[in-house]
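Right, here's the structure in full:
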């Protein structure tokens, strides 16, 4: 215990045992790293942004498909996930364990009252850690990396002294082995830095503080935070809850961000294919297989696959694995033009789904809507612009007791009879039937007059009789929108 | 108004109005657990000078909140923000102790304020500057750093690069 120079009592509370992360050495030469070959080297990927509201696309520069990260990142990510489980609320414990120390304890995890007994237990752990470190402390190896990347002079000067700069450095901030303090000092600047290196407690800021800090900065600053030190880099990955990647590296997404709650893959990674000599095709690279690889993200609550035109949802494809998203509440599959009816069978198996947007899935037919009948908790359903849907499909919705809002914009084949079937829904608050060519006012008159229902009929051809009817029932209707 | 005594880890006592002390959820729950008659709450995780700083925040904010009658909402918010801004101008070392204390004592407003202060320190800096600012060590091997840079690319949008293109 003699060589403990700084021990902040606040971090003792968080001293929970966890296995030491394996050293993430990069072994072998980088060229041997697994690297997913691009399916066609001629393809260019264009990060593609589109604001959903305005529909205006912005197109940014052309970039090459990125190679996969090396295997070493997997090690780190895996242990990162483990920390989260072991540490519970507070992440500050990492500095209190020393390199080479594996401490086990039967201490219960989680926030406990601050008692003398607990303090005692923590101190015992510290003692254990310190003695283990004394055994391990050998003459530190000089840093072996001949750094080709640009580095500040002061930093490389520091590396030449006896301080080990490696995976262990993040773990030794608070308890500093005494022999490390007597390192050979090159110049004044490095001696100052040496002092700071041993003193700074910032490396062990708890996760939730770092998360809050990141919340006050533009998202792009997360990358700066990740490059600061190893502890922050690991925390930044653990903290990520909402993600809209510009490009996608398949299964690594699930490994790297295990706690994602929302994932927006809309219009992600479009590939330009010169289909024929005259036609240009813009197709999303998000495939059924890729969506299937996301299945470990069991915390996911929102998933947007809007505009992922590569999805088919074939029964034997990876798309079927989205049934694993047991907590999913919002799903957006709009403009997935190739999505087949079978895909909605899987969607129908998501028990918690409350919001489903399937606008412009032009391949969907009535059979798809029958498969959604099991979604009793669905509140909002958006089916606009699906040209193949007829009255029979709409009738299938009448069993979904939870529905409050139904959007039937631009369904060319749906008639009054179809909409009338929705009359049975007890909780229905709003129907939008704008631009449905075959729906006329009489249907609305018969079935929805006198109900406190918001019926929006923008763009429906207005006739004189319609106007007369409206003036008579306007008092009953909650709201009638003409916002064309 | 009932007053209580908060005892820091080095044994110094601070007398403070209960209302102000209860901005800290930790103190509040401790008071609920302890008996009615107890007036001394020991806080073993907070040192004397940090506790003084925290209590400065608590008393100032309760005082401003109680002045409901004489100033308008907008004016009060503005006054409070100006005060907060002055209050959070401290050294990084002090800021660290403050944020850890706010975290332990669970004072939501102060925690938020500290995090904003930290974010302001980070904003606009390169990783190297951030390290200098917080006295951190670059503990990446070069390949590892390169790896992080590369994984940054696919997950996060670089606004500057985008603007250039």
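Protein chains in written order, with full-length UniProt numbering: chain A, 1 to 484; chain B, 1 to 165. Note that the Cβ used here is the ideal one computed from N, Cα and C, for glycine as well. Nothing here was measured: the structure is a model prediction, and the numbers come from that model.
How would you call residue i, buried or exposed, if buried means at least 16 neighbouring beta carbons within 10 angstroms?
i	result
residue 203 of chain A	buried
residue 418 of chain A	buried
residue 8 of chain B	buried
residue 201 of chain A	buried
residue 362 of chain A	exposed
residue 138 of chain B	buried
residue 369 of chain A	buried
residue 56 of chain B	exposed
residue 293 of chain A	buried
residue 77 of chain B	exposed
residue 135 of chain B	buried
residue 350 of chain A	buried
residue 63 of chain B	exposed
residue 422 of chain A	buried
residue 316 of chain A	exposed
residue 66 of chain B	exposed
residue 91 of chain B	exposed
residue 144 of chain B	buried
From residue i to residue j, what does the alpha carbon distance come to, in whole angstroms?
i	j	result
residue 264 of chain A	residue 371 of chain A	25 Å
residue 307 of chain A	residue 233 of chain A	32 Å
residue 331 of chain A	residue 100 of chain B	39 Å
residue 11 of chain B	residue 47 of chain B	9 Å
residue 254 of chain A	residue 141 of chain B	25 Å
residue 17 of chain B	residue 3 of chain B	4 Å
residue 413 of chain A	residue 429 of chain A	23 Å
residue 210 of chain A	residue 6 of chain B	28 Å
residue 114 of chain B	residue 88 of chain B	7 Å
residue 75 of chain B	residue 83 of chain B	12 Å
residue 381 of chain A	residue 318 of chain A	24 Å
residue 26 of chain A	residue 230 of chain A	Note that residue 26 of chain A scores 35 on pLDDT, short of 50, meaning its location in the model is unreliable; the coordinates nonetheless yield the value given after this. The straight-line gap from Cα to Cα measures roughly 15 Å.
residue 427 of chain A	residue 106 of chain B	42 Å
residue 347 of chain A	residue 322 of chain A	8 Å
residue 437 of chain A	residue 364 of chain A	19 Å
residue 212 of chain A	residue 222 of chain A	12 Å
residue 166 of chain B	residue 73 of chain B	Not covered by the structure: residue 166 of chain B. The range shown for chain B is 1 to 165.
residue 424 of chain A	residue 329 of chain A	24 Å
residue 431 of chain A	residue 406 of chain A	5 Å
residue 19 of chain B	residue 104 of chain B	18 Å
residue 398 of chain A	residue 257 of chain A	39 Å
residue 439 of chain A	residue 123 of chain B	56 Å
residue 366 of chain A	residue 385 of chain A	13 Å
residue 61 of chain B	residue 216 of chain A	22 Å
residue 342 of chain A	residue 235 of chain A	40 Å
residue 387 of chain A	residue 415 of chain A	13 Å
residue 30 of chain B	residue 218 of chain A	37 Å
residue 214 of chain A	residue 119 of chain B	7 Å
residue 131 of chain B	residue 121 of chain B	11 Å
Hey, residue i and residue j are a contact pair by Cβ (cut 8 Å); roughly how many whole angstroms apart?
i	j	result
residue 14 of chain B	residue 51 of chain B	6 Å
residue 148 of chain B	residue 353 of chain A	With 8 Å as the limit, residue 148 of chain B and residue 353 of chain A do not qualify as a contact, their Cβ atoms being about 36 Å apart.
residue 303 of chain A	residue 325 of chain A	7 Å
residue 357 of chain A	residue 327 of chain A	Contact doesn't hold; Cβ gap of about 18 Å is too wide.
residue 379 of chain A	residue 403 of chain A	7 Å
residue 305 of chain A	residue 266 of chain A	7 Å
residue 338 of chain A	residue 309 of chain A	6 Å
residue 313 of chain A	residue 340 of chain A	5 Å
residue 396 of chain A	residue 373 of chain A	6 Å
residue 389 of chain A	residue 375 of chain A	The Cβ separation is near 17 Å, so there is no contact.
residue 102 of chain B	residue 110 of chain B	4 Å
residue 311 of chain A	residue 286 of chain A	7 Å
Cβ of residue i versus every heavy atom of the ligand NAP: is any distance shorter than 7 Å?
i	result
residue 50 of chain B	For the structure depicted, the ligand NAP is absent and the ligand set is empty, with no information on it obtainable.
task: Taking only runs that begin and end inside the region 311-361 of chain A, name each unbroken alpha helix (DSSP H) of 4 or more residues, in chain order.
output: 341-347
- request: Identify each residue in the region 216-235 of chain A for which the Cβ-Cβ distance to at least one residue of chain B is less than 9 Å, and report them in chain order.
  value: 216, 217, 218, 219, 220, 221, 222, 223, 224, 225, 226, 227, 228, 229, 230, 231, 232 and 233
query: What are the residues of the region 205-216 of chain A that lie near chain B, defined by any Cβ-Cβ distance shorter than 8 Å?
result: 205, 206, 208, 209, 212, 213, 214, 215 and 216
- prompt: Along the chain, which unbroken stretches of the beta strand (DSSP E) at least 3 residues long are found entirely within the region 32-105 of chain B?
  reply: 40-42
field: Interface residues of the region 84-104 of chain B facing chain A [CB-CB below 8 Å]
entry: 92, 96, 99, 100, 101, 103 and 104
- prompt: the region 117-131 of chain B: which residues have C-beta closer than 8 Å to a C-beta of chain A, in chain order?
  reply: 118, 119, 120, 122, 123, 125, 126, 127, 128, 130 and 131
Contact residues within the region 135-148 of chain B, judged by C-beta distance below 9 Å to chain A: 135, 136, 137, 138, 139, 140, 141, 142, 143, 144, 145, 146, 147 and 148
task: Enumerate, from N- to C-terminal direction, the unbroken alpha helix (DSSP H) stretches of 4 or more residues contained entirely within the region 369-436 of chain A.
output: 391-396 and 416-421
field: Residues in the region 24-45 of chain B having any Cβ partner in chain A nearer than 8 Å
entry: If the cut-off is 8 Å between Cβ atoms, the region 24-45 of chain B has 44 and 45 near chain A.
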